[in-house]
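Going by the working numbering, the sequence shown opens with residue 37, and the numbers climb by one from there.
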Amino acid sequence: MARNLSSKLWFGGLNCGSIGEDNNQVEQESSSRHAGYYHGYDLTANVLPSLGARSHGRVTLRRFVILPFDRRYRIWELFLVVLVLYTAWISPFEFGFLNGPKMPVSVIDNIVNGFFAVDIILSFFVAYLDKKTYLLIDDPKKIAKKYALSFRMAFDVISIIPSELVLRVFPASKRAYGIFNMFRLWRLRRVSSLFSMMEKDRNFNYFWIRCIKLIFVTVFAVHCAGCFYYHIAAHYHDRKATWIGASMEDFLQFSIWTRYVMSVYWAITTLSTVGYGDLHPVNEYEMLFDIFYMLFNLGLTSYLIGNMTNLVVHGSSRTRLYRDSIQAASSFAQRHQLPFRLQEQMLAHICLKYRTDSEGLQQQEILDSLPKAIRSSISVHLFYTLVDKVYLFHGVSKDLLFQLVSEMKAEFFSPNEDVILQNEAPTDFYIVVNGSADFLQTKNGVEQVVGEAKKGDIFGEISVLCYRPQLFTVRTKRLSQLLRINRTAFLNIVQANVGDGNIIMNNLLQHLKDEKSEVPKESLVEIENMIGRGMVDLPLSLCFAAIRGDDHLMLRLLKRGLDPNESEDSGRTALHIAASNGTVKCVHLLLDYGADPNCRDQEGSTPLWEAMKGDHEPVVKILKEAGANIRAGDVGQYACIAAEQNNLKLLKKIAQFGGDVTLPAAKYNGGTALHVGVTQGNLKTVEFLLEKGAIVDMPDNQGWSARDLAEQQAQEQISALFQSKVGPKNQSMVTIPENDKDQVRFLGRFTSEPTLPHLSQENRTSSWDDGSVGSSLKLRRKANTFRNSIFGVISAAQVGKNDLFPTVDQGNYPRQVVASRVIVSGLQEGVLVRKLIVLPNSYEDLLDVIANKFGFYPTQIQTECGAVIDSIEVIRDGDHLVLTKDSTNDTN
Numbered sequence: 037m038a039r040n041l042s043s044k045l046w047f048g049g050l051n052c053g054s055i056g057e058d059n060n061q062v063e064q065e066s067s068s069r070h071a072g073y074y075h076g077y078d079l080t081a082n083v084l085p086s087l088g089a090r091s092h093g094r095v096t097l098r099r100f101v102i103l104p105f106d107r108r109y110r111i112w113e114l115f116l117v118v119l120v121l122y123t124a125w126i127s128p129f130e131f132g133f134l135n136g137p138k139m140p141v142s143v144i145d146n147i148v149n150g151f152f153a154v155d156i157i158l159s160f161f162v163a164y165l166d167k168k169t170y171l172l173i174d175d176p177k178k179i180a181k182k183y184a185l186s187f188r189m190a191f192d193v194i195s196i197i198p199s200e201l202v203l204r205v206f207p208a209s210k211r212a213y214g215i216f217n218m219f220r221l222w223r224l225r226r227v228s229s230l231f232s233m234m235e236k237d238r239n240f241n242y243f244w245i246r247c248i249k250l251i252f253v254t255v256f257a258v259h260c261a262g263c264f265y266y267h268i269a270a271h272y273h274d275r276k277a278t279w280i281g282a283s284m285e286d287f288l289q290f291s292i293w294t295r296y297v298m299s300v301y302w303a304i305t306t307l308s309t310v311g312y313g314d315l316h317p318v319n320e321y322e323m324l325f326d327i328f329y330m331l332f333n334l335g336l337t338s339y340l341i342g343n344m345t346n347l348v349v350h351g352s353s354r355t356r357l358y359r360d361s362i363q364a365a366s367s368f369a370q371r372h373q374l375p376f377r378l379q380e381q382m383l384a385h386i387c388l389k390y391r392t393d394s395e396g397l398q399q400q401e402i403l404d405s406l407p408k409a410i411r412s413s414i415s416v417h418l419f420y421t422l423v424d425k426v427y428l429f430h431g432v433s434k435d436l437l438f439q440l441v442s443e444m445k446a447e448f449f450s451p452n453e454d455v456i457l458q459n460e461a462p463t464d465f466y467i468v469v470n471g472s473a474d475f476l477q478t479k480n481g482v483e484q485v486v487g488e489a490k491k492g493d494i495f496g497e498i499s500v501l502c503y504r505p506q507l508f509t510v511r512t513k514r515l516s517q518l519l520r521i522n523r524t525a526f527l528n529i530v531q532a533n534v535g536d537g538n539i540i541m542n543n544l545l546q547h548l549k550d551e552k553s554e555v556p557k558e559s560l561v562e563i564e565n566m567i568g569r570g571m572v573d574l575p576l577s578l579c580f581a582a583i584r585g586d587d588h589l590m591l592r593l594l595k596r597g598l599d600p601n602e603s604e605d606s607g608r609t610a611l612h613i614a615a616s617n618g619t620v621k622c623v624h625l626l627l628d629y630g631a632d633p634n635c636r637d638q639e640g641s642t643p644l645w646e647a648m649k650g651d652h653e654p655v656v657k658i659l660k661e662a663g664a665n666i667r668a669g670d671v672g673q674y675a676c677i678a679a680e681q682n683n684l685k686l687l688k689k690i691a692q693f694g695g696d697v698t699l700p701a702a703k704y705n706g707g708t709a710l711h712v713g714v715t716q717g718n719l720k721t722v723e724f725l726l727e728k729g730a731i732v733d734m735p736d737n738q739g740w741s742a743r744d745l746a747e748q749q750a751q752e753q754i755s756a757l758f759q760s761k762v763g764p765k766n767q768s769m770v771t772i773p774e775n776d777k778d779q780v781r782f783l784g785r786f787t788s789e790p791t792l793p794h795l796s797q798e799n800r801t802s803s804w805d806d807g808s809v810g811s812s813l814k815l816r817r818k819a820n821t822f823r824n825s826i827f828g829v830i831s832a833a834q835v836g837k838n839d840l841f842p843t844v845d846q847g848n849y850p851r852q853v854v855a856s857r858v859i860v861s862g863l864q865e866g867v868l869v870r871k872l873i874v875l876p877n878s879y880e881d882l883l884d885v886i887a888n889k890f891g892f893y894p895t896q897i898q899t900e901c902g903a904v905i906d907s908i909e910v911i912r913d914g915d916h917l918v919l920t921k922d923s924t925n926d927t928n
């Protein structure tokens with residue numbers, strides 16, 4: 037299992053919080069170190085979280101898994117480096133100068149091997165960092181598999197085998213003490229890693245670290261060569277024919293120290309190529325070894341000279357540049373006597389910048405080198421989910437979010453680094469991706485913590501949106517990744533999305549109202565005053581002013597030339613909102629500046645209907661005086677809504693203002709208010725609708741009439757009312773002549789149609805549901821869609837009608853019929869009017885009926901969805917037709 041390292045590790049001399057430590061304790065400890073906190077900063081002690089890291093809290097590793105950056109484990113590794121230095125000296129020495137195990141060297145060797153055996157066991161439990169995903173792998177199986185399959189484990193195991201055991205395994209003729217010990221030089225890789233870490237640590241001088249490393253390499257090469265030289269001389273069959281035996285026949289009688297010094301002397305003279313003097317190779321083995329040693333010296337000498345030249349002339353590119361930057365920053369801070377905390381912030385930022393630009397990361401360089409489309413896609417993938425959850429952007433469009441995320445840049449900040457300062461100019465605001473930061477406010481020269489920002493929080497937005505100085509100093513608490521967006525870029529994006537700008541400002545004001553501290557409350561009052569004076573740079577619309585009921589802001593916006601009829605995406609205008617809220621002054625202003633009192637939104641609502649729903653009588657009166665007409669909206673829908681709410685008063689008001697409460701509503705499946713009233717079981721509503729001429733047997737789009745619903749729902753009082761007011765139900769009959777049996781039958785309603793069974797009360801809501809939008813008619817069965825099928829259309833064409841209820845008899849099909857009725861909408865004297873007409877026999881007759889009703893011949897007849905109708909056969913009972921006419925041919 038891979039776990040992100042974000043916020044698990046923290047900067048400081050202790051490098052990392054150990055496993056099992058409480059996060060709060062770690063924070064307290066790190067905070068208590070104050071300025072000294074930075075002196076222990078180690079570039080290798082921490083791993084940067086990946087861009088868009090979604091983890092905020094510290095990582096909890098599995099049991100018995102060791103964090104490789106844990107303080108105790110790093111001390112253990114440092115201890116092993118000391119043992120490696122001992123191994124690097126003793127292994128060649130045993131090979132060259134010892135013929136067998138000797139005390140106390142053999143005991144110390146086995147003790148050292150024991151420590152490395154423990155390290156082999158620990159390696160099966162040390163989590164490792166995946167170099168591709170930059171995730172910490174803490175799955176024990178994966179850790180064990182990675183270590184077991186690596187050649188590292190093989191060499192680790194070979195290097196801990198005791199020399200005494202090797203001597204017993206090999207035959208006597210092949211035994212040579214110390215040869216197997218040379219495998220232990222594999223451990224020198226730990227020393228190389230240590231030097232690499234120290235080169236990047238600003239607490240150590242880079243020049244001297246490189247010099248010590250070169251000296252170490254040289255001394256180790258000379259030491260090994262001297263041991264090899266002596267081993268050849270000591271084991272040659274004729275000791276006098278050796279480099280040391282030729283001048284000293286009894287060299288074996290000398291002390292080990294003397295023999296060692298002589299060997300090292302000859303090795304270093306060979307290495308430096310200054311001449312041998314009395315010491316020189318004598319036999320062929322010595323000469324052969326010198327040949328390979330001199331070849332090795334060519335490479336080693338080149339390495340030494342090259343590195344020394346690099347140190348003196350230029351240094352090693354990035355690391356040298358980094359160290360130069362550190363030195364320059366330190367000198368600058370000391371020369372100008374900057375405060376100590378500010379000095380530490382400078383150095384920490386340079387260290388962090390070096391880490392983000394080097395060590396193979398180069399994140400920003402990679403992003404900048406890519407095309408804009410790819411950069412945007414990467415940003416959206418990494419940060420879209422996070423930005424979408426920020427309170428400021430709740431409810432905004434996806435287009436705006438996409439544009440904002442594409443303009444944001446991820447930046448890393450070290451602990452205790454100031455991101456913004458109190459009273460600073462508002463140029464940017466930030467979103468916390470990872471880490472945390474404190475809000476600090478200076479009062480009487482003393483800094484006080486007034487808040488904290490965590491993952492997903494935003495800061496600096498108040499100043500950016502209202503263009504006022506920053507309210508707080510924001511200082512990071514730990515290594516943090518922040519998303520930054522420039523104020524200019526943000527406003528440019530929002531300018532093209534005015535509706536989203538209103539949402540953002542509303543979110544900000546609501547957030548400030550919900551805050552409990554005093555500072556946001558003070559800011560809220562000031563921001564509201566700025567909004568009222570029109571001093572906010574964020575583009576505001578009339579809808580925003582209408583929502584707030586701010587007539588002063590609305591007047592300023594109208595004087596700027598804003599369109600009083602501008603609408604949101606849903607088609608709602610400021611007049612809709614003001615009428616719904618009952619704000620008389622805003623309604624007056626909008627009407628005075630030419631707002632249309634009969635404008636409709638996408639739901640078919642008008643300002644007059646909004647005011648009527650809210651029972652705002654003063655607004656209703658103003659709108660009526662301004663020419664608002666209830667018939668400009670979807671009156672059938674209004675009536676259905678009133679019936680659904682059992683609001684008889686509102687239903688009467690619709691009728692009082694000239695609305696036809698018997699019209700069907702498309703969003704109620706073609707049902708009328710009478711259908712809704714029956715479903716709700718409201719007897720008074722049904723009585724009122726019958727008085728207004730509602731048709732009891734008028735079917736909706738699914739073929740259900742109000743009488744059918746009353747019978748199906750066992751509404752006995754309503755059924756009795758229908759019986760007394762209207763009379764018995766009319767039945768449609770179809771007679772099929774014998775000579776047309778071979779033709780397709782026309783499907784109609786027969787007198788033998790079975791009565792639908794009544795449902796029990798507990799089964800009504802679960803067994804019947806028409807799924808209509810905006811309707812509460814949940815007790816109706818699913819529609820019979822036969823007449824919309826291919827077979828239904830073919831059948832209707834054969835009889836000359838695509839409706840189950842044709843108006844006239846056709847061919848040899850005598851029957852009793854129910855006339856088909858349709859709703860026709862058209863402009864009459866500039867006002868949208870809807871009329872219910874009986875469908876005639878032909879398309880030409882339909883045009884004549886429309887001309888009589890509306891006073892003009894339409895250019896086209898369309899359905900609600902915009903489909904052009906050119907034949908009477910495609911019109912069905914209950915359809916809604918829309919008329920269009922050419923102004924040049926207007927006969928009215």
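Cβ coordinates follow ideal geometry from the N, Cα and C atoms, glycine included. Since the model is a prediction, treat every value here as computed from it, not as a measurement.
Residues near Ile908 by beta carbon distance below 7 Å, same chain, minus five either side: For Ile908, where only same-chain residues beyond five positions count, the Cβ hits under 7 Å are Ser878, Tyr879 and Leu882.
Three-state class that DSSP yields for Ala303 in the structure shown: Ala303 sits in a helix when the DSSP states are folded into three classes.
Please name the residue, chosen from Leu288, Thr337 and Val255, that lies closest to Tyr266 on a Cα-to-Cα basis. When Leu288, Thr337 and Val255 are compared, the shortest CA-CA separation from Tyr266 is found for Leu288.
Between the Cα of Leu863 and those of Lys889, Asp744 and Leu250, spot the shortest distance and give me the residue it belongs to. The candidate whose alpha carbon is nearest that of Leu863 is Lys889.
Going by DSSP, what residues sit across from Thr929 in a beta bridge? Outside the modelled stretch of the chain, which goes from 37 to 928, sits residue 929, for which no answer is possible.
Any 3 or more C-beta pairs closer than 8 Å across the region 251 to 265 and the region 125 to 136: Yes, they touch.
Label Gly784 either buried or exposed according to how many other C-beta atoms from any shown protein chain fall within 10 Å of its C-beta, with 16 as the threshold for buried. Low confidence applies to Gly784: its pLDDT is 36, below 50, so where it sits in the model is not reliable, and the reading given next is rough at best. It counts as buried.
In terms of alpha-carbon separation, which member of Asp155, Asp587 and Asn737 lies closest to Ile111? For Ile111, the closest alpha carbon among the candidates Asp155, Asp587 and Asn737 is that of Asp155.
CA nearest to the CA of Asp360, picked from Gly537, Ala702, Leu589 and Glu235: Selected option, being the one with the closest Cα: Glu235.
What is the DSSP secondary structure of Leu919, counted as helix, strand or coil? Assignment of Leu919 by DSSP, reduced to helix, strand and coil, places it in the strand class.
Any non-hydrogen atom of the ligand MG closer than 7 Å to Phe133 Cβ: Here there are no bound small molecules, and the ligand MG is not part of this structure.
With H, G and I counted as helix, E and B as strand and the rest as coil, what does DSSP make of Glu602? Of the three classes helix, strand and coil, the one that applies to Glu602 here is coil, per DSSP.
Tell me whether Leu919 is buried or exposed, calling it buried when 16 or more other Cβ atoms sit within 10 Å of its Cβ. Buried: at least 16 other Cβ atoms inside 10 Å.
Could you say if the region 182 to 194 and the region 117 to 125 meet the contact criterion of at least three C-beta pairs nearer than 8 Å? No, because fewer than three Cβ pairs between the region 182 to 194 and the region 117 to 125 fall closer than 8 Å, the two stretches do not touch.
The region 428 to 448 / the region 512 to 528 touching (three or more Cβ pairs under 8 Å): The region 428 to 448 makes contact with the region 512 to 528, as at least three CB pairs between them are under 8 Å.
Sort Thr721, Leu224, Asp454 and Lys168 by Cα distance to Ser195 and report the nearest one. It is Leu224 whose Cα lies nearest to the Cα of Ser195.
Asn665 by DSSP, collapsed to three states: which one? Judged by DSSP in its simplified three-state form, Asn665 adopts coil rather than helix or strand.
Distance between Ile521 and Asp536 (C-alpha atoms, nearest Å): Going by the C-alpha atoms only, they are around 17 Å apart.
Below 8 Å on the Cβ atoms is my contact criterion, and I expect Arg514 with Ser472 to pass it. Report the Cβ-Cβ distance as a whole number of Å. Indeed, because the Cβ distance is near 6 Å, the residues count as touching under 8 Å.
Among the residues of its own chain, which have a CB less than 7 Å from the CB of Val318, if the five just before and after it don't count? Cβ neighbours of Val318 beyond the five flanking positions: Ala277, Thr278, Trp279 and Ala282.
Beta-ladder partner(s) of Gly862, from DSSP: Paired residue(s): Val869.
By the 10 Å Cβ neighbour count, where 16 or more other Cβ atoms means buried, how is Met734 classified, buried or exposed? By the neighbour-count rule (16 or more Cβ atoms within 10 Å), Met734 is buried.
Are the beta-carbon atoms belonging to Tyr11 and Asn543 less than 8 Å from one another? Absent from the model: residue 11. The displayed extent of the chain is 37 to 928, so no value can be given.
Which value, in whole angstroms, describes the spacing of the CA atoms of Ser856 and Asn683? About 31 Å.
Residue environment, Glu747, which counts as buried when at least 16 other CB atoms sit within 10 Å: Of the residues assessed, Glu747 falls on the buried side of the cut-off, its CB having 16 or more other CB atoms within 10 angstroms.
Output yes or no for whether 8 Å exceeds the beta carbon distance between Ala678 and Ile666. Judged by their CB atoms, Ala678 and Ile666 are not nearer to each other than the 8 Å cut-off.
Do Ile362 and Ile341 have their C-beta atoms within less than 8 Å of each other? Contact annotation: Ile362 and Ile341 have beta-carbon atoms that are not nearer than 8 Å.
With a threshold of 8 Å between beta carbons, is Thr421 in contact with chain C? In the displayed structure, chain C is absent; only one protein chain is listed.
Give the DSSP-derived three-state secondary structure of Asp628 in the structure shown. DSSP, read as helix, strand or coil, puts Asp628 in helix.
Helix or strand or just coil, what does DSSP make of Asn319? Reduced to three states, the DSSP call for Asn319 is coil.
One or two residues paired with Tyr213 in a DSSP bridge: The partner list for Tyr213 (beta bridge, DSSP) is empty, contrary to what the question assumes.
Out of Phe758, Ala489 and Lys408, which has the shortest C-alpha to C-alpha gap to Ile731? It is Phe758.
Assign Thr123 to one of three DSSP states: helix, strand, or coil. Look at Thr123 here: in three-state DSSP terms it is helix.
Determine the closest residue to Ala303 out of Val697, Thr254, Asn343 and Gly487, with distance taken between C-alpha atoms. It is Thr254.
Is Val910 helix, strand or coil when you go by DSSP? Val910 falls in the helix class under three-state DSSP.
Can you tell me whether Cys901 is buried or exposed? The criterion is at least 16 other CB atoms within 10 Å of its CB, across all chains shown. So Cys901 ends up on the exposed side.
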